[in-house]
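So in the numbering used here, the last one in the sequence shown is 850, and the numbering has no gaps at all. A virtual CB, placed ideally from N, CA and C, is assigned to each residue, including glycine. What you are looking at is a predicted structure, and each value in this text was computed from that prediction instead of being measured.
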Amino acid sequence: VTSASNGTSILGRYAYIIYDEGGLLDMNVAGYPTVSTPAQFGRKGAVAYADLKVIPGISPTPAPVVTGLSLLSQTKFVNNIVGWRNFSSGAATGSLGTFASGATYSFASGTNYWSSLQSNTNGFLLTSNTSLNGNQSDRILGGRQQLIALLLRGMASTAADRANLQVALQYLGTFSREFNRPTWKPSTPAGATLPAYDYATLAKTPTPETSVAINRDLTAVRVSAGFTRSDGTPVNAGDPLLKNRFSLARLGGIGPAGPNATQNTTLVNAVLVPATAATIQRDFGLLWNSGLNHWDYVGGSGSTVQTTIKRLDQVAGENPPREPNFFELLKAVILSGSVGLGSGSGSTFVAAELKYYDTATSLSADYHIMQIGANIIDAWDSDNIPTFIGFKDPSSATVYEAAGIENVPYLNKIVFCPQIPTSTSLNQTADAWLVPSLWNPHQNGSASTITGNRVRIALTGSPTYTAGFTVGSTTYTSNAIVTFPTPTIDVSANGFMAPAPPQETGLTAPLTPPTGSVSSVGSPERFYGFHFVFTPPPNGSQVNKDNTDAAYPHFGTTSGNGNIELQVQLPDTSYKTYQKWNIAATLNPLSAKGVKNNGDWSNTNKLSDPEYVALDPRTLRFGVWGSDANGQGSTGNAKKNASYGAEDSVDQDKGKLEFINWSRPQGSSFTVTPSAPSDVSSADLSLYATNGTASNHYIDLDGVQRRGDWTTDVNGTGSKATIMYASAKTPPAGKYLDRPQILSGPFQSVAELGQVFRDQPWKTLSFTSATTGATGVSADAGLLDVFTLPGQPGQKRKLGSVLFSCISVFGASTKTPMAGPCRPPWAMIF
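Pasting the structure below:
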């Protein structure tokens, strides 16, 4: 065109044919030697292990539309594709030939091909640099015409062969890849508080390139100076900060006692190598602290424990710049207003901690990100020992430890257990215990009789806890629980798939005799607890079921001087605390009421309220709440609580059980109906697990109400049908299979991040709707774009044009390492 305004100045014309190859199988990558073992091809994870035999035209399905190739020709087709393309890297022998000829490619094994994939760092954008094999190298298809010629002229022998291969060509292409570079940018979800949490606007204010928002347009973040990436490529000033997605395989380098150097997990100058202290700090910002048996978050350099996680603009502005680490990427793509919410500055049964509610600084949000990161690490590893990460409070010298969630029990509740004789049992005496109830809420928790990890329950600190029985104007008070030596109960990590205290027999029995002030409550429960000793013990004429007005634990006059801790045994046989309830309660906030006060002492079992319970035993983010038998409805309900209290969770409050009438979560983000704590007639805090109602719910800091994992029966109208129901009296029922799993192994799809606990009650990372409405946007969807897995360096993600037959190649010949339908093998193509 010589003039843009003169249509007659066109000198020539070109005709174009545009092919939409979105979702087609890239034949420069797809297919593997037919002699590969199930251990090699069964895990899938990459287009390279697509099963080409199931493609229509190669397969006789769907009949009678296609006849398909014979079994022998199917094998020749696959080996000819792989042998011609990967002759050197796959160690092929033979030559290309038609189906009728005797010539074909063959392989002694699939090991060379598998090894070449594991060491691939160029994303299949180049042919292999493996040395020549019989003076031949690998080859690449330059375009569709070469692919057509390879199939129709190089392999087909008959008209039927050509017809079948022409059908197959509908599903085959030569370029379905992209740059392995994240392109996510935030959207503003419906209901978000504006303008503070208008994520989309903040990401481009003042411009996408100069924004200092936490959640950025990832393509617009540019570096201020040059540096060298982990893959060895140089970066110039002004280049994008993010070139490649972060490979989750690097998680394998983080061990429970320092770097794990047993396998190649990271890159140094484009070479796969085992992790070292230097690469762990580069990739994760972590440095092993052998004195404290934990990782410290120190950032990109130095050894000082950090108080914040840097934003991407801060990383790009460093001198010299560097690639963002794992935690910085988490912070960049998880919507900032969806993290950091806690119960508030006032204590519940446990002490309030700044890490859960300090929104004046970035502490609560950044600590939340650290906890999610630790949970991802422990979902990947298989050691079943929590990963501990030190992160500092910016306003003090306190270093908090985030302990990753593992397949171990957590403290579900503390239950007061009084023993009250009848008025005629003059030879019996009143007694009392504080009984811990443990629970592993994951659906794949172990019930094996093999010991597994050892877990210790300990009462620590310097508490002055006593028990009391009130009879009229007289109070009988026990001695304080003796805390020297430290009272401990050692149990197996197995056996707590339903809430249960340690007991004399069965899977929850102590592995060794308990120490200190621990004893059994006796028949019929035979639970172990921390014993309140009365001197002398009141007999049946003084305290009995007919005259007792109340029974209660008294937590002293000083807040926070006692703890219930769960400790896990480390490989060196020492113990380390992975959960701690720092008890803030004082005096006797709740009591078990006697028959004169709408209670019931006539039940044969001794357990009775009060109890102090966590909505989700894995987190204290919303505190620990109190429930007692007072106001629970009929006397029969007090009796039910006496029978089931220590072996239940905050299940639906059907029948007026488990109503929370003390130390509810605090702050304007929490809605409780009715608002008065004394009125328990309709308040149902178990609904915080669903977070799907208007009456009892919470909103995140950005104003959005995001649902929990349990979304069935959100109004709590059913009985024993929630994700939480797990009574030890009956097999786990209800929505038990809706609970998340601990994968305890390398992910097979980035989508398996959706099994990771989000450190909010009954909520995992979510990639779907964030709210109860149809317009909600996920707070975590950016994780799918910023992370990748080995062998997935560049895949086309045009979902609208993906053919089902192109998806089915990933479901065929699949090795399933875990029972259940939670890990669809084709998820990795999304």
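Practice task
Return helix, strand or coil for Trp782, following the three-state DSSP convention.
Solution key: coil
Practice task
Look at the Cβ atom of Tyr219, then the Cβ atom of Pro202, and state whether they are nearer than 8 Å.
Solution key: no
Handout entry: Run of the alpha helix (DSSP H) containing Leu167, from where it starts to where it stops
Key = First-last of the alpha helix (DSSP H) with Leu167: Arg164 to Leu172.
Exercise for the section: Starting from the C-beta of Ser250, find all residues in its chain whose C-beta is less than 6 Å away, skip the five residues before and the five after it, and write them out in chain order. Expected result: The answer, listed in chain order, is Leu287.
Practice task
Please classify Tyr485: does DSSP put it in a helix, a strand, or coil?
Solution key: coil
Practice task
Could you tell me which uninterrupted alpha helix (DSSP H) segments, each at least 4 residues in length, are contained entirely in the region 317-351, listed from first to last along the chain?
Solution key: 332-336
Handout entry: Boundaries (first-last residue) of the beta strand (DSSP E) holding Tyr219
Key = Taken as a continuous stretch (DSSP letters only), Tyr219 belongs to no beta strand (DSSP E), being part of the alpha helix (DSSP H) at Tyr219 to Leu222.
Handout entry: For Gly481 and Pro534, the rounded distance between their alpha carbons
Key = Answer to the nearest angstrom: the Cα atoms are 18 Å apart.
Exercise for the section: Give, in chain order, every unbroken run of the beta strand (DSSP E) that is at least 3 residues long and sits entirely within the region 574-617. Expected result: 582-589 and 595-603
Problem - Reduced DSSP secondary structure (H/G/I, E/B, other) of Ala112 - result: Strand.
Problem - Bridge partner(s) assigned by DSSP for Gln439 - result: For Gln439, which the question treats as bridged, DSSP gives the partners Asp451.
Exercise for the section: Report the rounded CA-to-CA distance for Gln686 versus Ile603, giving the unit in angstroms. Expected result: Rounded to the nearest angstrom, the two C-alpha atoms are 17 Å apart.
Exercise for the section: Could you tell me the distance, in whole angstroms, from the CA atom of Lys674 to the CA atom of Phe690? Expected result: Low confidence applies here, because Lys674 scores a pLDDT of 48, under 50, leaving its location unreliable; read the following figure in that light. The alpha-carbon atoms of Lys674 and Phe690 are separated by roughly 22 Å.
Exercise for the section: Using three-state DSSP, classify Phe266 as helix, strand or coil. Expected result: Reduced to three states, the DSSP call for Phe266 is strand.
Practice task
State whether the region 383-397 contacts the region 349-360, with contact taken as three or more CB pairs (one from each stretch) at a distance under 8 Å.
Solution key: yes
Practice task
Could you check if Leu214 is buried or exposed, using at least 16 other CB atoms within 10 Å of its CB as the buried criterion?
Solution key: exposed
Problem - Span separating the alpha-carbon of Gly174 from that of Lys96 - result: 12 Å
Problem - Sheet register partners of Gln523 (DSSP bridge) - result: Phe547
Handout entry: Alpha-carbon spacing of Leu763 relative to Pro340, whole angstroms
Key = 38 Å
Exercise for the section: Count the other C-beta atoms from every protein chain shown that fall within 10 angstroms of the C-beta of Pro810, then say buried if there are 16 or more, exposed otherwise. Expected result: Pro810 comes out buried.
Exercise for the section: Compare the C-alpha of Ile75 against each of Asn289, Ala111 and Leu89 and name the closest. Expected result: Leu89
Handout entry: Enclosing beta strand (DSSP E) for Lys412 [first to last residue]
Key = Phe408 to Lys412
Handout entry: Secondary structure of Lys433, DSSP reduced to three states
Key = strand
Exercise for the section: Output yes or no for whether 8 Å exceeds the beta carbon distance between Val588 and Val776. Expected result: no
Practice task
Express the C-alpha separation of Gly258 and Ser321 in angstroms, rounding to a whole number.
Solution key: 23 Å
Problem - Segment limits, alpha helix (DSSP H) that includes Val98 - result: Under the DSSP assignment, Val98 falls in the alpha helix (DSSP H) whose first and last residues are Leu91 to Arg105.
Exercise for the section: Within its chain, find whatever has a CB closer than 7 Å to the CB of Pro591; leave out the 5 residues flanking it on each side and keep chain order. Expected result: Pro276 and Ala277
Problem - Other residues of its chain near Pro86: CB distance less than 7 Å, five sequence neighbours each side excluded - result: Just to set this straight, residue 86 is Val in the shown sequence, not Pro. So the qualifying residues of the chain are Pro76, Gly77, Pro80, Asn184 and Val187.
Handout entry: 8 Å Cβ cutoff met for Val743 and Asp729
Key = Checking the sequence shown, residue 743 turns out to be Ile, not Val. Result yes, Cβ atoms of Ile743 and Asp729 sit closer than 8 Å.
Exercise for the section: Under 8 Å by Cβ, that's how I've got Gly492 and Asp569 pegged, so tell me the actual separation to the nearest angstrom. Expected result: 7 Å
Exercise for the section: Tell me where the alpha helix (DSSP H) around Thr494 begins and ends. Expected result: Run containing Thr494: none in the alpha helix (DSSP H); it sits in the beta strand (DSSP E), Thr494 to Thr497.
Practice task
On the DSSP bridge assignment, give the partners of Leu640 in chain order.
Solution key: DSSP lists no partner for Leu640.
Handout entry: Ile509 - containing beta strand (DSSP E), residue span
Key = From DSSP, the beta strand (DSSP E) with Ile509 extends over Thr508 to Ser512.
Exercise for the section: Specify the secondary structure class of Asp401 as computed by DSSP and reduced to three states. Expected result: coil
Practice task
State the start and end residues of the unbroken alpha helix (DSSP H) segment that holds Tyr376.
Solution key: Tyr376 -> alpha helix (DSSP H) spans Leu374 to Tyr377.
Practice task
Can you have a look at Ala612 and say buried or exposed, based on whether 16 or more other CB atoms are within 10 angstroms of its CB?
Solution key: buried
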